[in-house]
């Protein structure tokens, strides 16, 4: 019994010891918890986590792919390249069905190019121009026929040589008039000398008449002869003046004929140039409508072309040409309106491409180069630059393909953890109070 009482007493003492923790342990535990709390609170102000805005991005070269679209409905009747073939700017890739024969179009194109270079040798080129018969020009037939008519009229004008013949006739007339004028001057001089002699004779007859040695009838006869000689001289002078006037007028006619020839020639040349320009304009319209032409040097890709004589629709993209060399990469990100105000030029961007899983290839670093001022279709357009090209954070260089797509994480700022906790509370406080 005594043993049992002793055990109970000892159990109470043990329970008291166990149930009452030592003060040192309690103080140590509180200190540890306090330090951990202080560390977490302090760390929340120093440890930062990036705030990001996500957007879809498309990466292109500074020379983006050129789309070649059909401008009319119809079948592709001729194809001059194969898929993935290199092409040059201005090279014809295909022809859409139309009423113009393609070979005759090529011949017509060569002829117009020759005529366009005819400024220095206009007459020789036009006069020697002998176009081959073209019966299948379709829409180009009328402007081509108009050009041929103008060329024919000009050839007839040159071959007729009307103005030069007229000028030669005038020159012959002037030669004859000058010869006549020379003879007339001689006769006028003789008439003048004759008149002088008759004046002297009339003076002598007058003196003889005064002295009574000559009758009145003889004096009057002498005077009549003097008057006749004076009339002959005056008529000769008048004819001389008229002849000089005729020569001057004929020389003026020559100048006017030469001027008219120049004007008529310019008029024909202007009409030919005008009809040639109109033909070239119609050729350009025809090319835009029926020819699929590469606008740049690069590699052609068949987009919507699978078989010969396939139908294409107007405004349908049939081929694309990818430039061979791209010197600069540009990213175009569609930034949603929500959170767009946080995006600024110079911010870092992490790109994850759809074609290259980031777990295998990593992310590509980029920077915000520009942000559009006005949204379009509920998106701002953000332009991205690539300081290290397409090298990822795994040191892998990705192969560039035009129009690569993926997700862009735009790092707007690194916020402390404390700010992420305080900001919602602050917002709630200002909303309530």
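In the numbering used here, the protein residues as written are 264 to 696. Heads up, the beta-carbon is just placed ideally off N, CA and C, and yes, glycines get one too. Remember, it's a predicted structure, so these values are computed and weren't measured experimentally.
Contact check between the region 561 to 569 and the region 332 to 351: three or more CB pairs, one atom from each, fall below 8 Å, which counts as touching. Contact between residue 672 and residue 317 holds, with the beta-carbon distance rounding to 6 Å and staying under 8 Å. Out of 508, 583 and 338, the CA that lies nearest to the CA of residue 352 is found in 583.
Using a Cβ distance threshold of 7 Å, residue 665 and residue 631 do not count as a contacting pair.
With the rule of 3 Cβ pairs closer than 8 Å, the region 625 to 640 counts as touching the region 598 to 609. Per the Cβ contact rule, the region 350 to 366 is in contact with the region 551 to 559 (3 or more Cβ pairs under 8 Å). Residue environment analysis places residue 362 among the exposed positions, since fewer than 16 neighbouring C-beta atoms fall within 10 angstroms of its C-beta. With contact defined as three or more Cβ pairs closer than 8 Å, the region 363 to 380 and the region 611 to 621 are not in contact. For the pair residue 458 and residue 496, the CB atoms are nearer than the 7 Å cut-off. The Cβ atoms of residue 447 and residue 375 lie no closer than 7 Å to each other. With fewer than 16 neighbouring CB atoms inside 10 Å of its own CB, residue 660 falls in the exposed class. Taking a 10 Å sphere around the C-beta of residue 492, we find 16 or more other C-beta atoms and assign the residue as buried. Here the alpha carbons of residue 539 and residue 424 stand approximately 24 Å from one another. Fewer than three Cβ pairs drawn from the region 449 to 458 and the region 521 to 536 lie within less than 8 Å of each other, which leaves the two stretches out of contact. Per DSSP, residue 653 is not a residue of any beta strand (DSSP E), being assigned neither H nor E. Sequence-distant partners of residue 651 (beyond 5 residues in either direction) whose C-beta falls short of 7 Å from its own C-beta, in its chain, are 628. Judged by DSSP in its simplified three-state form, residue 669 adopts strand. With contacts defined as CB atoms closer than 7 Å, residue 326 and residue 586 qualify as a contacting pair. DSSP places residue 628 inside the beta strand (DSSP E), whose first and last residues are 627 to 634.
Burial of residue 675 is indicated by the presence of at least 16 other C-beta atoms within 10 angstroms of its C-beta. A residue is called buried once 16 or more other Cβ atoms fall within 10 Å of its Cβ, and residue 394, having fewer, is exposed.
Shown here, residue 406 sits in a helix according to DSSP, grouped into three states.
The beta-bridge partner set that DSSP reports for residue 596 consists of 320 and 645. Here residue 468 is buried. Its C-beta has 16 or more other C-beta atoms within 10 Å. CA-CA distance, residue 481 to residue 494, rounds to 20 Å.
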